[in-house]
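Structure first, then comments.
Number of protein chains: 2
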Amino acid sequence: MRSISFNLLNENNGARLGKIITPRGVIDTPAFMPVGTAATVKAMYVDQVKDCGSQILLGNTYHLMIRPGTQRIIEAGGLHQFMNCNLPILTDSGGFQVMSLSKLTKITEDGVIFNSHLDGKKFFLTPEESIDVQLKLNSDIVLVFDDCPKYSFDKNKIIESMNLSLRWAKRSKDKFANQNSKWLFGIVQGGVFSDLRRECLNKLIDIGFDGYAIGGLAVGEKQREMFDVLDCVKDLMPKDKPHYLMGVGTPEDILGAVKRGIDMFDCVLPTRSGRTGLAFTWKGRVNIRNSKYSKDQTPLDDSIDCPASRLYSKNYLNHLVNSNEILGSMLLTWHNIAFYQDLMKKIRKSIEENRFDEFYKKSLAMLVNEN
Amino acid sequence: MRSISFNLLNENNGARLGKIITPRGVIDTPAFMPVGTAATVKAMYVDQVKDCGSQILLGNTYHLMIRPGTQRIIEAGGLHQFMNCNLPILTDSGGFQVMSLSKLTKITEDGVIFNSHLDGKKFFLTPEESIDVQLKLNSDIVLVFDDCPKYSFDKNKIIESMNLSLRWAKRSKDKFANQNSKWLFGIVQGGVFSDLRRECLNKLIDIGFDGYAIGGLAVGEKQREMFDVLDCVKDLMPKDKPHYLMGVGTPEDILGAVKRGIDMFDCVLPTRSGRTGLAFTWKGRVNIRNSKYSKDQTPLDDSIDCPASRLYSKNYLNHLVNSNEILGSMLLTWHNIAFYQDLMKKIRKSIEENRFDEFYKKSLAMLVNEN
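Just so you know, the protein sequences line up as chains A and B, in that order.
Here the first sequence is numbered in this note's numbering, starting from 1 and rising by one per residue.
Here the second sequence is numbered in this note's numbering, starting from 372 and rising by one per residue.
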C-alpha cells in the first residue's frame, strides 16, 4: 500500500473534483501549483504561498541542478528543508528548460548535452540522471525526462521526438523503480497532431504511470490549438489518475482545461506578472502602471481574502511599481497567487455542487475585461 | 495639554531610558527608526517592521514630494493611510537629500531651488514649504528645514550655513505654529566645530523645540569625530526633550551614541545592507555572498526572535542572494531590522537595570567580528 493516492470525488460536465493524499498533506484538485523555480516562489514567503491556499509547489530540476547544484540541496536535507517548505513539491524533469533556456544543446539517444544559460558550464542530462536528481531533491511528484520540441508543424520531426520521449519515459520508469511515498508522471507529447497525442498517451499507459501530464504546450500555440489537444486525449486519460497540464496558463486557459478534465496546473504567469505590474482580479486584468490608478484609492480586489488584495490602494501600488520598489513586486505577486487560488477554490466548489458550467460562463465574462 | 509627550525614565552613565507617548502609540527610547524613504521600508511589509519591535518609521519629505507627490498622499488620506501603516512617522525636512541627491542646487535666503534626481524637474523648497508638506503628509514628528553643508573644515562656510539654518529654523517654527498632536524638532548644525555646535544648540533652545536633532553627521566623518560632536553638546541638550542623531549608524555607532545621551536613531544601513547581502548578527557581520556559507546549514542568528533569523540556513540565503532572488533581499532586510530592534531592546533593558556600561562593553566585543 503506497502512502500517496488519488481519489476522484465528482465529475460535472467533464470537470473533475479530486483529492491527492500525500504524506506531506492533501492536495485538492483541480489544483494550481505556484512555480518555485530556484527554490523560491519569487518575491513570496512560503507561508504566504500556503496561506493563499496553495497545497503544492513546483520546483525546476534544470534550475536547481545548475544553481545551487544538487549537492548543496542534499546537504541541506532535501529541497523542502533547503527552502523551508513543508508542502508537497512536484519537480519537472528539466526537459522543457533544456529546450527553452540552454545554449548549444545536443540531443543523443542517451540524453542531452547542454550548456548552462548562466555560465555556459556543460551538463549531460539523461533520463536516469534526471530521475536521480529529482529523487535526491526529495521531490514528491517526479516527472519523466522528455524531449520537448519547439512548436512545429513538421510531423516527421514531432514523431521522431515523441518516440525518443517514449523510450526515455520507459528508462525514467525503470530508474524510478518502486517508491512508496512518491509518484512518477508520464508526459504526453505529439505536438498539435491528434493521432500522435493519442498514440503517445496509449503507449505511456502501457508503461504505466501514477499520473499523466500533457507536455509540449504553452510554447506559442493558440488557446484553440491547446484545447484541441486536450479534447483529443481527454477520453483516453485514465480516470483514476491525475491529469496535469504543464505550464498553463491564464485564468481563461485554466477554466477551459478544467472543462476538459485537467486536475493540475502550474504557470509562472501570476508570479511573473506580479513583478511586472499586472494583476489578475475578478473584474479583469489591472495594469497597475496605468496612470489612471494614481487617483484610485480602492484595493485590487476586496472579494479576495488576502492582505495584498484588500489593504493597499491602487494609488499606492501604482507608486510602488512605478518606483521599482521591491514591495510592489511582493504585493502584486502575493495578490496574484491569492487570486489564482481563489479561482481554483471556486472551481472546486462549483464542481462539487454540480454547477461548473454556470460558473465557467459567469467567470469568463468577468475575467475578460482589460482595465 | 498636548497629546504627545516625552518622559525620561532613567539615566545610567550618560545613557537615557525614556518613553515618547503619541496618539498613535508609545515609542520606547533609545529607539531605532527604520527608513521608509519612498513610503515603504524597502523589501518589507509594515507588519513585519512592527513585529520586529519598531515603534516609529521615518519618511523622506524630499523623496515623497517628487514621487508620488504630496497631492497623491493627501488624496489617500495622508502618509499613514497611503502606506497602510499605523505606527507614528517622523519625516525629515528634505534638507539633507537636497544636498546629497539633487542636481544644480541653488541656495538663497528664501530657500533652495533644485532639480529632481529622477527627471530633472525643478522644485523650490523653503522652510515654510517643507513644513507645509510634512503637515500635509500628516507626519507625527516634523523636522525644521536646514541647510546641510558637505563635510568641510572651512569654518567660515560652516558658520554661514549654520546661521542660515538657524534663520530657517525660526521660520519653520513660525510655520509649524501650534500643533496639538505633532512635534517639531530643531536640527543642530555646526560641522565638526565644537563652539559652533554649542552656539547652534543654544540658539535653537532659545527658539524652543520639542526635540533636538544632531544633523550634518553621517556625511563621511570618522566615528571619533562624530562622538566628539556628541560629547561637546551632550551636557547642553535639554534633559526633558528627546535627542535624535540623524542618519546614524552601525550597531557600534548606536552604542557609542546612546552612551552620549542619544534617544533616537534612523539609518538605511540595515535595509540597504539587507539588499546587498550583509547581515548584522550578535556574532558580528556576515557577508552572506561568501562561498563558505554554501556549506553552512545554520541560521543567521537563532538568538533573535524573527523567522528570517531562525528558519533559513546560510546555505539557502547564500543561494538566494547569489541568484539575485528577491526573497534574499526580503529575508536579509527582515533579519537586519529584527537585529537592530533586538539591539535597541537590550540597550533599553540594560539602562533600566543600571548596567548599560557592562552591556556596552560586552556588545562591542561581540559585534566587531567580520565573518
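Here a beta-carbon is modelled for each residue, glycine too, at the ideal position from N, C-alpha and C.
Because the structure is a prediction, the values reported are computed rather than measured.
*So the alpha helix (DSSP H) residue 604 of chain B belongs to, where does it begin and stop?*
594-604
*DSSP three-state call for residue 701 of chain B: helix, strand or coil?*
helix
*Assign residue 473 of chain B to one of two classes, buried (16 or more other C-beta atoms within 10 Å of its C-beta) or exposed (fewer than that).*
buried
_Complete runs of the alpha helix (DSSP H) confined to the stretch 53-112 of chain A [at least 4 residues]_ = 61-66, 70-75, 79-82 and 95-100
*Do you know offhand how far residue 204 of chain A's Cα is from residue 656 of chain B's?*
54 Å
*asked:* Between the stretch 193-207 of chain A and the stretch 116-129 of chain A, can you find at least three pairs of beta-carbon atoms closer than 8 Å?
replied: no
*Provide the residue span of the beta strand (DSSP E) that contains residue 663 of chain B, from first to last.*
Element bounds for residue 663 of chain B: n/a, residue is neither H nor E.
*asked:* For residue 282 of chain A and residue 301 of chain A, I'd like the C-alpha separation in whole angstroms.
replied: 7 Å
_Euclidean distance between Cα positions of residue 210 of chain A and residue 11 of chain A_ = 20 Å
_Please report whether the beta-carbon of residue 641 of chain B lies at a distance below 8 Å from any beta-carbon of chain A._
no
*Whose Cβ in chain A lies nearer than 9 Å to the Cβ of residue 697 of chain B?*
40, 42, 43, 44, 275, 326, 329, 330 and 333
_Quick check on residue 395 of chain B - is its C-beta less than 8 Å from some C-beta in chain A?_
no
*Kindly indicate if chain B contains any beta-carbon less than 8 Å away from that of residue 50 of chain A.*
no
*Ends of the alpha helix (DSSP H) at residue 576 of chain B?*
565-578
*asked:* Can you find the residues in the same chain that come closer than 7 Å, C-beta to C-beta, to residue 395 of chain B, ignoring five residues on each side of it along the sequence?
replied: 457, 458, 459 and 511
*Can you say whether residue 356 of chain A is buried or exposed, counting buried as having 16 or more other CB atoms within 10 angstroms of its CB?*
buried
_Considering only DSSP beta bridges, list what residue 390 of chain B is partnered with._
B/378 and B/399
_For residue 488 of chain B, would you say it is in contact with chain A, using Cβ-to-Cβ distances shorter than 8 Å as the test?_
no
*Who are the near neighbours of residue 629 of chain B in its chain, counting only those whose CB is closer than 7 Å to its CB and skipping five residues on each side?*
386, 401 and 718
*When DSSP builds the beta bridges, which residues end up paired with residue 185 of chain A?*
A/143 and A/211
*Please name the residue in A/251, A/180 and A/165 whose C-alpha comes closest to that of residue 214 of chain A.*
A/165
*Pairwise C-alpha distance: residue 505 of chain B and residue 448 of chain B*: 13 Å
*Classify residue 549 of chain B as buried or exposed, calling it buried when 16 or more other Cβ atoms lie within 10 Å of its own Cβ.*
exposed
_Quick check: what's the CA-CA separation for residue 265 of chain A versus residue 614 of chain B?_
57 Å
*Exposed or buried, what is residue 736 of chain B when buried is set at 16 or more other beta-carbons lying within 10 Å of its beta-carbon?*
exposed
*Evaluate contact between the stretch 267-278 of chain A and the stretch 292-300 of chain A, counting only Cβ atoms and requiring at least three cross-stretch pairs below 8 Å.*
no
*Leaving out five residues on either side along the sequence, give the residues of the same chain with a beta carbon under 6 Å from the beta carbon of residue 470 of chain B.*
519
*Inter-residue Cα distance where the pair is residue 42 of chain A and residue 335 of chain A*: 13 Å
*Grab the span of the alpha helix (DSSP H) containing residue 237 of chain A for me, first residue to last.*
No alpha helix (DSSP H) holds residue 237 of chain A; DSSP gives it neither H nor E.
*Within 10 angstroms of the Cβ of residue 468 of chain B, are there 16 or more other Cβ atoms? Answer buried if so, exposed if not.*
buried
*Is there a Cβ from chain A that is less than 8 Å from the Cβ of residue 439 of chain B?*
yes
*Along chain A, which residues have their Cβ under 8 Å away from the Cβ of residue 682 of chain B?*
84
*Determine, using beta carbons only, whether residue 297 of chain A comes closer than 8 Å to chain B.*
yes
*Compare the C-alpha of residue 201 of chain A against each of A/114, A/237, A/145 and A/342 and name the closest.*
A/237
*Per DSSP, residue 652 of chain B is paired with what?*
B/655
*Any Cβ of chain A within less than 8 Å of the Cβ of residue 661 of chain B?*
no
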